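Trainee: Sharing a structure below in structure tokens format, with a few things to ask.
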Amino acid sequence: YCNVMLMLVFSSLSSVYNVMAIDCMIKKSHVLSCHLRYLLYDVNPPEGFNLRRDVYIRMASLVKTLRKGGDDWVLVLPPWGRLYHWQSPKIHQIRIPWGEFFSLTSLQANVPVIEYEEFIAENGGPFIDQVLVLQNYAEGWTDGKWEEKVDERPCIEKLMYSKDKQGYYRGWFWGYEETRARNVTCISAQGHASIMAPVLQKNITVTSVMLDRAETLLHDHYAGKDYWDTRRSMVFSKHLRLIGDDFRAKYLNSTDDRDHTVYSEDWTRMKAKLGSAKGGPYLGAHLRRKDFIWGHREDVPSLKGAVKKMRSLMKKHKLDNVFVATDADGDELKELKRLLPEMVRFEPSTEDLELLKDGGVAIIDQWICAHSRFFIGTSVSTFSFRIHEEREILGFDPKTTYNRFCGDTEKECEQPTHWKIVY
Ligand SMILES: Nc1nc2c(ncn2[C@@H]2O[C@H](COP(=O)(O)OP(=O)(O)OP(=O)(O)O)[C@@H](O)[C@H]2O)c(=O)[nH]1
Ligand SMILES: *[C@@H]1O[C@H](CO)[C@@H](O)[C@H](O)[C@H]1NC(C)=O
Ligand SMILES: *[C@@H]1O[C@H](CO)[C@@H](O)[C@H](O)[C@H]1NC(C)=O
Ligand SMILES: *[C@@H]1O[C@H](CO)[C@@H](O)[C@H](O)[C@H]1NC(C)=O
């Protein structure tokens, strides 16, 4: 029954929530049990934008499992903000809704989601019934053996929530100061996201539950069909794609028709054949710096080394243009411009930056890299991994995608793994 309604939701593309509320009403009139419930989550503060996108996939998978239990679970999208890397000064970067970065109708065609402010409105206020702070086991793996398990346990770290005068718990809550939790407890969890399902279905009966430190949970099936369905549903907002497309056309002589990268707004219809995409006549490079070079990592090149590699790739693939996405700081950027004066970068004006925010600029950088004829990224950067996935969706030959810079003195420079889409 729930599934039939879900199909209605998908076809109508109207607010998922409203349709589900109607679903509940119909069910009640048929004396069927129906319970609308909300899953909220947050991630460890230091984690970046692209790891957070990965945690979304795990939570979407959990919600799919929860919905099989009969209740109408909805995933509440945690507002973006206060990210360590989003350092552009003087611009407001908290309480950013997901709709600014991703297409909500696309997300909703995978699993029911609502923005946090919609949750507040529907829930009758900024109250969350239960927060579960996820943590590992204090004792680690017993007998050196890893097994899946979940138990209510005393909190290991200092709780990031404190009780107010009324007995409510206060905390960060994505910058929504007025938000309160009725109860906060700690749960030790070791395993895949869906090991939380029985706890949420049986042990806890309240309506809204938030999992904090959600990155503690692993993927249900990394790179399986469900993973890819959710990943494919994470379509970037139209305005960001359009800005990226305009930039490609204007500065990189790149258009979808010529480059065979025609994109379907409806991700469920997007099934490009591997190798069908040609890409624009430019080399795309993601050069992660900042914290990646502070640790003097062996797998990250010097600027000189990176430029040498880019030049040799341009020559090899007969490309006159190179687009560089990077988080390099001012000094490094100057040096890079000196070494590679012909490089093209997306550099928004102050007004555009205010509008797009650091997250939007990062997405545009990724979008342009995703459309290049040949791409090279940075070792174990989730920013680069997300570009790999985007190119896989567009149908690029894996040889043009799974490449990374090598450190100047790195001996065995293992290249990234090819993850094939399961449709
Ligand atoms: N615009 C832009 N921003 C970048 C680039 N590389 C890194 N950043 C910024 O730095 C942040 C950190 O990179 P992320 O990959 O998201 O961080 P992470 O999720 O911790 O993953 P790692 O790269 O693995 O550290 C990004 O979210 C961006 O804000 C880039 O090429 N262009
Ligand atoms: C959930 O309830 C079961 C049965 O009452 C109990 O054994 C288990 O420890 C509970 N789990 C958690 C995480 O509270
Ligand atoms: C808080 O949640 C825990 C775990 O679900 C429960 O055992 C406890 O009774 C709750 N406390 C209150 C005051 O509701
Ligand atoms: C753009 O690409 C097309 C097709 O590859 C080519 O014919 C044209 O000369 C290019 N234009 C510029 C300005 O490089």
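When you line the sequence shown up against mature numbering (1 follows the signal peptide of the UniProt record, and there is no 0), it's residues -21 to -1, 1 to 402, in that order. Even for Gly, the Cβ is constructed at its ideal location relative to N, Cα and C. In this text the structure is predicted, and so the values were computed from the model without any measurement.
Given residue 343, which residues of its chain have a CB within under 6 Å of its CB, disregarding the five upstream and five downstream residues?
Mentor: Cβ neighbours of residue 343 beyond the five flanking positions: 219, 222, 223, 325.
Trainee: Can you give me the start and stop residues for the beta strand (DSSP E) that residue 17 sits inside?
Mentor: Run containing residue 17: 15 to 20, per the beta strand (DSSP E) assignment.
Trainee: Would you call the segment 254 to 272 and the segment 325 to 335 touching, i.e. three or more CB-CB distances under 8 Å?
Mentor: The segment 254 to 272 vs the segment 325 to 335: no contact.
Trainee: Evaluate residue 57 with the Cβ neighbour count: other Cβ atoms within 10 Å of its Cβ, from every protein chain shown; 16 or more gives buried, anything less gives exposed.
Mentor: Residue 57 should be labelled buried.
Trainee: Nearest-angstrom Cα distance between residue 364 and residue 267?
Mentor: Roughly 12 Å separates the two Cα atoms.
Trainee: Between residue 128 and residue 191, what straight-line distance do the alpha-carbon atoms span, to the nearest angstrom?
Mentor: Answer to the nearest angstrom: the Cα atoms are 17 Å apart.
Trainee: Entirely within the segment 93 to 124 and at least 4 residues each: give me those alpha helix (DSSP H) ranges in chain order.
Mentor: Runs of the alpha helix (DSSP H) inside the segment 93 to 124: 95 to 102.
Trainee: Ordered along the chain, which non-local residues of its own chain (more than five positions away) have a Cβ less than 6 Å from that of residue 376?
Mentor: 254.
Trainee: For a test of the three-state rule: what should DSSP assign to residue 170, helix, strand or coil?
Mentor: It is coil, neither helix nor strand.
Trainee: Taking 5 Å as the limit, name every residue whose beta carbon sits nearer than that to some heavy atom of ligand 2, in sequence order.
Mentor: Counting every residue whose Cβ lies closer than 5 Å to a heavy atom of ligand 2, we get 131, 178, 182.
Trainee: If I measure Cβ to Cβ from residue 10 and keep anything under 7 Å in the same chain, skipping five residues before and after, which residues do I get?
Mentor: Here residue 10 scores only 46 on pLDDT, less than 50, and its place in the model is too uncertain to base an answer on.
Trainee: Compute the minimum distance between the beta carbon of residue 232 and the heavy atoms of ligand 4, and state whether it is under 7 Å.
Mentor: Yes - ligand 4 has a heavy atom lying nearer than 7 Å to the Cβ of residue 232.
Trainee: Do residue 203 and residue 401 count as a contact pair if the criterion is CB distance below 8 Å?
Mentor: Result yes, Cβ atoms of residue 401 and residue 203 sit closer than 8 Å.
Trainee: What do you get for residue 182, buried or exposed, if any count of 16 or more other CB atoms within 10 angstroms of its CB means buried?
Mentor: That one is exposed.
Trainee: Between residue 399 and the rest of its own chain, which residues show a CB-CB distance below 7 Å, the 5 nearest in sequence each way excluded?
Mentor: Once the five neighbours on either side are set aside, residue 399 has no close Cβ partner at all.
Trainee: What is the DSSP secondary structure of residue 235, reduced to helix, strand or coil?
Mentor: Correct three-state label for residue 235: helix.
Trainee: Can you look up residue 349 in the DSSP assignment and give me helix, strand or coil?
Mentor: Helix, per DSSP.
Trainee: Across the segment 379 to 390 and the segment 274 to 281, are there enough close Cβ pairs to call them in contact, namely three or more that are closer than 8 Å?
Mentor: Cβ pair count under 8 Å is three or more, so yes.
Trainee: To the nearest angstrom, how far is it from the Cα of residue 99 to the Cα of residue 110?
Mentor: Taking the straight line from one Cα to the other gives about 16 Å.
Trainee: Taking the C-alpha atoms as reference points, what is the distance between residue 65 and residue 242?
Mentor: C-alpha separation (whole angstroms): 29 Å.
Trainee: Could you check what DSSP says for residue 130 in three-state terms: helix, strand or coil?
Mentor: Of the three classes helix, strand and coil, the one that applies to residue 130 here is strand, per DSSP.
Trainee: Can you tell me where the alpha helix (DSSP H) with residue 309 in it begins and where it stops?
Mentor: It spans 309 to 318 - the alpha helix (DSSP H) in which residue 309 sits, taken as one unbroken run.
Trainee: Taking residue 174 as the reference, give the member of 215, 117, 126 with the closest Cα.
Mentor: For residue 174, the nearest C-alpha among the options comes from 126.
Trainee: With distances taken from CA atoms, which of 117, 373, 112, 381 is nearest residue 355?
Mentor: The option with the nearest alpha carbon to residue 355 is 381.
Trainee: At a cut of 8 Å, does the segment 37 to 53 reach the segment 13 to 29 through at least three beta carbon pairs?
Mentor: Yes, since at least three Cβ pairs between the segment 37 to 53 and the segment 13 to 29 fall closer than 8 Å, the two stretches touch.
Trainee: Tell me which residue opens and which closes the alpha helix (DSSP H) that residue 291 is part of.
Mentor: Per DSSP, residue 291 belongs to the alpha helix (DSSP H) from 282 to 295.
Trainee: Can you check whether the CB of residue 373 is closer than 8 Å to the CB of residue 228?
Mentor: Contact flag unset, no.
Trainee: Residue 114 and residue 167 look like a contact to me (Cβ under 8 Å); what is the Cβ gap, rounded to whole Å?
Mentor: About 6 Å; that satisfies the 8 Å criterion.
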